[in-house]
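Colleague: Below you will find the structure I want to go over with you.
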Amino acid sequence: MPTNTDGVVTNRDFLRSVFHSMLRARILENKLSSLYKAGKIVGGVYLGRGQEAVSATLGTSLIQGKDFFAPLIRDQAGRTAFGESMLDCTRTYLGSAQGPMRGRDGNIHRGRPEMGMPAMISHLGAQVPVVAGMLFAKRLQGTLEGRVGATCIGDGASSTGAFHEGLNLAAVEKLPLVIVIGNNQFAYSTPNSRQFVCADLVEKARGYGIGGFSVDGTDLLACVSVIGEAVRRARAGQGPQMVVARLLRLSGHGEHDDGSYVPDEIRKDHYGRDCIEVAIRQLLENGHATADEISSWENEFSDEVQRAVAQAQQEAPPDPYHEDWTALATRFPLTASQPTAQPVFP
Amino acid sequence: MPTNTDGVVTNRDFLRSVFHSMLRARILENKLSSLYKAGKIVGGVYLGRGQEAVSATLGTSLIQGKDFFAPLIRDQAGRTAFGESMLDCTRTYLGSAQGPMRGRDGNIHRGRPEMGMPAMISHLGAQVPVVAGMLFAKRLQGTLEGRVGATCIGDGASSTGAFHEGLNLAAVEKLPLVIVIGNNQFAYSTPNSRQFVCADLVEKARGYGIGGFSVDGTDLLACVSVIGEAVRRARAGQGPQMVVARLLRLSGHGEHDDGSYVPDEIRKDHYGRDCIEVAIRQLLENGHATADEISSWENEFSDEVQRAVAQAQQEAPPDPYHEDWTALATRFPLTASQPTAQPVFP
Amino acid sequence: MSVTYIDAIREAQETLLREDPRVFLYGQDIATFGGAFKATKGLAEKFPNRVFDCPISEDAMIGLAVGAAIEGMRPIVEMQFADFSSIAFNQIVNQAATHFYRTGVPIPITIRLPSGGTPGSGPFHSQSMEGIYAQYPGLVVLTPASVSDAYHMLIDAVALDDPVIFCEHKFLYRWLKSKSINDDHLPIGQARIVRSGKHATVVAYSAMVHEAVRAADRLQQDGWEIEVVDLRSVKPLDIDTVLASVARTGRLLALGEAFPWGGVTAEVVSRVAAEGFHLLDAPPQRLNARDTPVPYHPKLWAAHRPTPESICEALRKLLTF
Amino acid sequence: MSVTYIDAIREAQETLLREDPRVFLYGQDIATFGGAFKATKGLAEKFPNRVFDCPISEDAMIGLAVGAAIEGMRPIVEMQFADFSSIAFNQIVNQAATHFYRTGVPIPITIRLPSGGTPGSGPFHSQSMEGIYAQYPGLVVLTPASVSDAYHMLIDAVALDDPVIFCEHKFLYRWLKSKSINDDHLPIGQARIVRSGKHATVVAYSAMVHEAVRAADRLQQDGWEIEVVDLRSVKPLDIDTVLASVARTGRLLALGEAFPWGGVTAEVVSRVAAEGFHLLDAPPQRLNARDTPVPYHPKLWAAHRPTPESICEALRKLLTF
Ligand SMILES: Cc1ncc(C[n+]2csc(CCOP(=O)(O)OP(=O)(O)O)c2C)c(N)n1
Ligand SMILES: Cc1ncc(C[n+]2csc(CCOP(=O)(O)OP(=O)(O)O)c2C)c(N)n1
Ligand SMILES: [Mg+2]
Ligand SMILES: [Mg+2]
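Dropping the structure here:
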């Protein structure tokens, strides 16, 4: 989060910063999508297209080195905003051994827990209590004050037991957790109607005894004000805050999926609009950026992306012969024998 | 549920019927408690003392042979009302081989799934989706119309992922499920303050998009009207209904526990009153029963309990030599060998 | 015209829906979308109100299936990946598996687990959980390795009165093809000798059967004749067929794709050691995946699981012991 | 004055809270109430804000512990019964167990599982889950059988940088007493020969060590000298000590209280068969619980698990083979 010398973030700077992350993410993801189609990617590609305003606003509202952020599958923009390097991303997708997961896990699962950004497991909802635990540790260590932990999840993940247990626990422990639910109306192919019954997922907040906000996730200005407020409240000690952002996934579930099950009416309605286009209009209309600036940013970020891709592509993949093939941090003496994959003859 | 010849239940008959189940359960459980203290019980004893009005009202509101009822640990009264025989209870507690679980499982876990009363597993919340599934089957079979499935659970169980997933699923499937949460203010020793944050658990109902009711669980008349209404709505096709009944557990968590962690103020407050005493007063005041009738019922039910205990005590325990020691319904041919506990020499 | 392994699974479900009104399908994205792997493609249209998309609630999905089974239905539940059944673990091992023993009321549900590794899938879309579920009394655990078995065993699974963990191998889904679904149909609980030999026995199941056959083909060039037994069902386990094979060959390699501690290979080796000790001319051996999560990068993945090369190497040591 | 097994566990936690500010306790009913088994009695008072009651949310409890461990803490989580860890299964096997491998950041959490059967406890308060967790890479699985081990191994568990599944046997809680906690302290991963003999080796762990010793005592009257090895840790597994014992005795019975398919006994037998085949004078055997849920009635329960009688019977067959 950019601060001026007094530590005060100006609205203009903040908006521009959010937009930078949105645009960087969009350009990066467009590139990932092409690479996927060209068969250059290891594993699947899941994009955050259409969800950048929400994700980048959250990431920008957090303080790197102090706050925690557990991104989920549509959070390229939030990762960028929280300070993840582009190389971490391209290295993982392109199978470089130098990525943060060293080829052991991939793509959207990457994280740097030691820097406050845990590495998600696939099981939806599972990161909620983990962020709660990170905050809980800080309370025990006496350094929770003014700190926030945030995670994004989807409408579908709200149906998991993990979401429920984790959020309730955070509420009971009164932890400064911000949970942003990106309700993009579908979980893979499954529409909201087969996922939950309440009119707006934010109606769940009351049942957890936590703060609840709804926002139009395609509207940058609205996101900045609503998500910003939720983060402020959590930071001020008001306990967990839920933000439900309504929007539409502007890609398939992954790049293998054309999303043809999304009805045309939905694509064409208000939430089907592209948050980047909306943001550009808002920046221009409010005089926060000029068209020239925006196109220079586009060029700049495209170059960055090209460089990050080029570098990762040059790097060696992981070498199985140099793996130690243990999942344990402890190095037990040899008497404490671990199971061996290979036959062991006497 | 007693009906007159037209199938119409009169309020007076209904109340008396609920009260009968409350009283039967109380007398039976008092006996179980003495037997436990005398070391005559196999396993633990968990009582529903103080929760009989809620449980019996629910059981009485259901139609045996048509509806489903998944009792939990404090539902002796509901079981009785739903038509469970007293012998099923005493045989299980006293270790007779003739109990419904044949010594394989015990006490509060007993059930008769083939009669619409599933046998709970210990894991809290796990019965919620099971009842949903029973109802779902009836929909597929075309016989759901007018049918209801109900289960009781505690305040503590509301923190489980199983509760959340199960209830949400029932809501999505719009099943006639009635969930009665007996908020007895403690889960074992854990107070509500360490379990959830909302002021009343019923606030969760809205988040699931289902009906929600609050009721004073110590007040028979209130229970009859509120739980009755919830059951009617479910039966009428209005989807899942949640009833949160506030009350206090009038025993320890189990008979091994003196519940000394429950503060005196709580014991003495409104919800610390005994629902049986309240019910007697209400019956008398409204002219639904006379004092003589009530004491004759007490005698009658005490005799019933004595007989059921005496019979179970005479019966043989399960005989390990006649067990077939398989958990499968399928009898595979011998080539398809099952693991053997004992060594198998060539 | 050819039929793939996934086609067979789809066909079996179609047959079941057509012939048995008690069958319904429940899972995430299985209706309109036809499932993440298209195992139910077109079935929702053909069988309205028999194929349901459900919320992301694995625990409740199995709970619902158990309830429906109590009331006489025969649900087939698709887990999107085997790995996500960890969320439904309690309902599977404590509710479904114990129910018949406890109450006498059977729970005929079939849980389809898209299992096993494929390149680039990583720790949470690659697991082989058969050895976990097989530990629990009350479950039947099936691991078809051929197109025809995929079809017939799924039909048989639904006919069983017990909960069945049906482990389908994702790698075989589209890679494994057959001219047609044949009638060479063994009952559940019987293993199949897929290749006969006299120098050593490889006991395998699921995708590893094919790796074993490849390894056997290579070793044949050196004059070794390797017998390959496809377990088909890991619980119950047809130890008789395994023992009969070991009696012929005197040497055993148990091969699996799962993690190396315990699991199917340990059960096979320890049963053969106990019951067929005198048949063995060399120490019975195991070859499993390595003791780490399944790695994501294809280069690591290929070194994590057994391959024809590592199988050949293991067999050579075994043959020359 | 004597110390019970549960006292040792309480003491260890007190020592840890006193000496290591990174340690905190998280579990249901463990604060004021002191836990369902009183393993944390008095600790909440002595260590304010270090011992927490939590909601009935096993999955989230482990999730929280993982998060706290990432940030440098060393949580000890009490499951009220091992059986309820099925709810936390996903967080244990997929989050905690994979974390170090995936990210390089260790997860030093200790999960206490009150395990094993006691009369009248039934299918859901009796389970032995060590063989389930041991299958997963990334977990350490400990099964102390003595009062002193209960103490020292819990201290050692918390010192390890990896997630530890700490299986305490409920039957031993109050039944097992010792004059004091002794200093005879082996490192994690080393087995202990608790009784030496020369005619057969019983490899056991947890409560079954005591049943094995009883059986050995009985057989001694007939002149048989049975060696009993207490594994202490089922993962890692000290196969060297087991092989050394089998080298002396030539005969192996692997004994466990868990279900009979797979599990610890299969791992032990199959490793000995592979690595110590030439040491064996008779087929290596296993004795486990039966293949049903743990029955509730004490008469059934006693016939479900191995007893000194069934161990003697198994050993007699083994000795006279
Ligand atoms: C517990 C679990 N079940 C199933 C899956 C498979 N899965 C991955 S993403 C996804 C859809 C998620 O939908 P949603 O939460 O709405 O997020 P979105 O993809 O729409 O952003 C599913 C079902 C999973 N990852 N975890
Ligand atoms: C998943 C799970 N965790 C822990 C337990 C152990 N346990 C049994 S009853 C109980 C307390 C239940 O409290 P509540 O739901 O409020 O019901 P009450 O006993 O008050 O009626 C606990 C923790 C359990 N049965 N299931
Ligand atoms: Mg979504
Ligand atoms: Mg309660």
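Residue numbers (this note's numbering), protein chains in the order written: chain A, 1 to 346; chain B, 347 to 692; chain C, 693 to 1013; chain D, 1014 to 1334.
We treat Cβ as the ideally placed atom computed from N, Cα and C, and that holds for glycine.
1. Taking residue 569/B as part of the beta strand (DSSP E), name the residues at either end of that continuous run.
2. According to DSSP, is residue 127/A helix, strand or coil?
3. Do we get a CB-CB distance below 8 Å when we pair residue 1133/D with the residues of chain B?
4. Can you tell me the Cα-Cα spacing of residue 342/A and residue 979/C, whole angstroms?
5. Return the residues of the stretch 162 to 179 of chain A that lie within a Cβ-Cβ distance of less than 7 Å from chain B, sorted by chain order.
6. Hey, is residue 272/A close to ligand 3, as in C-beta under 7 Å from one of its heavy atoms?
7. Quick check: is the beta carbon of residue 931/C nearer than 8 Å to any beta carbon in chain B?
8. Runs of 4 residues minimum, wholly inside the stretch 539 to 566 of chain B: which ones carry the alpha helix (DSSP H) assignment?
9. Based on the DSSP output, what are the partners of residue 529/B in its beta bridges?
10. In the structure shown, what three-state DSSP assignment does residue 717/C receive?
11. Need the endpoints of the alpha helix (DSSP H) that residue 426/B sits in, please.
12. Using a C-beta cutoff of 8 Å, does residue 220/A count as contacting chain D?
13. Just the chain B side, please: which residues come within less than 7 Å of residue 1298/D by C-beta, in chain order?
14. Going by other Cβ atoms of all chains shown within 10 Å of its Cβ, with 16 needed for buried, is residue 27/A buried or exposed?
15. With 9 Å as the limit, tell me which residues of the stretch 549 to 582 of chain B have their beta carbon closer than that to any beta carbon of chain A; keep them in chain order.
16. Is any non-hydrogen atom of ligand 3 found closer than 7 Å to the C-beta of residue 186/A, if you look at the structure I gave you?
17. Mind checking if residue 282/A is an interface residue toward chain D, Cβ cutoff 8 Å exclusive?
18. Would you tell me roughly how many angstroms separate the C-alpha atoms of residue 317/A and residue 993/C, rounded to the nearest one?
19. Name, please, each residue of chain D whose Cβ falls closer than 7 Å to the Cβ of residue 828/C.
20. In angstroms with no decimal places, state the Cα-to-Cα distance between residue 494/B and residue 476/B.
21. Could you tell me the distance, in whole angstroms, from the CA atom of residue 466/B to the CA atom of residue 1133/D?
22. With DSSP collapsed to three states, give me the class of residue 89/A.
23. Inspect the beta-carbon positions of residue 1104/D and residue 1075/D and report whether they are closer than 8 Å.
24. Measuring CA to CA, which of 429/B, 513/B and 645/B is closest to residue 557/B?
25. Does residue 90/A have its Cβ less than 8 Å from a Cβ in chain C?
26. Looking at residue 79/A and ligand 2, is the gap between the Cβ and the nearest heavy atom below 7 Å?
27. Measure the C-alpha to C-alpha separation of residue 473/B and residue 1294/D and round it to an integer number of angstroms.
28. For the putative contact between residue 1120/D and residue 1082/D, defined by C-beta atoms under 8 Å, what is the C-beta separation to the nearest angstrom?
29. Taking the alpha carbon of residue 19/A as the point to measure from, which residue in 31/A, 41/A, 11/A and 56/A has its own alpha carbon closest?
30. Under 8 Å, CB to CB, which of the residues in the stretch 1090 to 1110 of chain D have a partner in chain C?
31. Below 7 Å CB to CB, which residues in the same chain sit around residue 1202/D once its five sequence neighbours on both sides are set aside?
32. Need the endpoints of the alpha helix (DSSP H) that residue 785/C sits in, please.
33. Residues in the stretch 26 to 37 of chain A with C-beta within 8 Å of chain D's C-beta atoms, listed in sequence order?
34. Between residue 468/B and ligand 2, is there a pair consisting of the residue's CB and a ligand heavy atom that are separated by less than 7 Å?
35. In chain order, what residues of the stretch 127 to 142 of chain A put their CB closer than 9 Å to some CB of chain D?
36. Exposed or buried, residue 990/C, counting other C-beta atoms within 10 Å across all chains shown (16 or more means buried)?
Modeller: Let's see:
1. Premise fails: residue 569/B lies in the alpha helix (DSSP H), 566 to 581, not in any beta strand (DSSP E).
2. helix
3. yes
4. 5 Å
5. 162, 164, 165, 168, 171 and 172
6. no
7. yes
8. 549 to 554
9. 592/B
10. strand
11. 422 to 428
12. no
13. 689
14. buried
15. 549, 550, 551, 552, 553, 554, 555 and 556
16. yes
17. no
18. 12 Å
19. 1272
20. 13 Å
21. 16 Å
22. helix
23. yes
24. 513/B
25. no
26. no
27. 51 Å
28. 5 Å
29. 56/A
30. 1096, 1099, 1100, 1102, 1103, 1106, 1107 and 1110
31. 1246, 1249 and 1251
32. Element bounds for residue 785/C: n/a, residue is neither H nor E.
33. none
34. yes
35. 127, 128, 129, 130, 131, 132, 133, 134, 135, 136, 137, 138, 139, 140 and 141
36. buried
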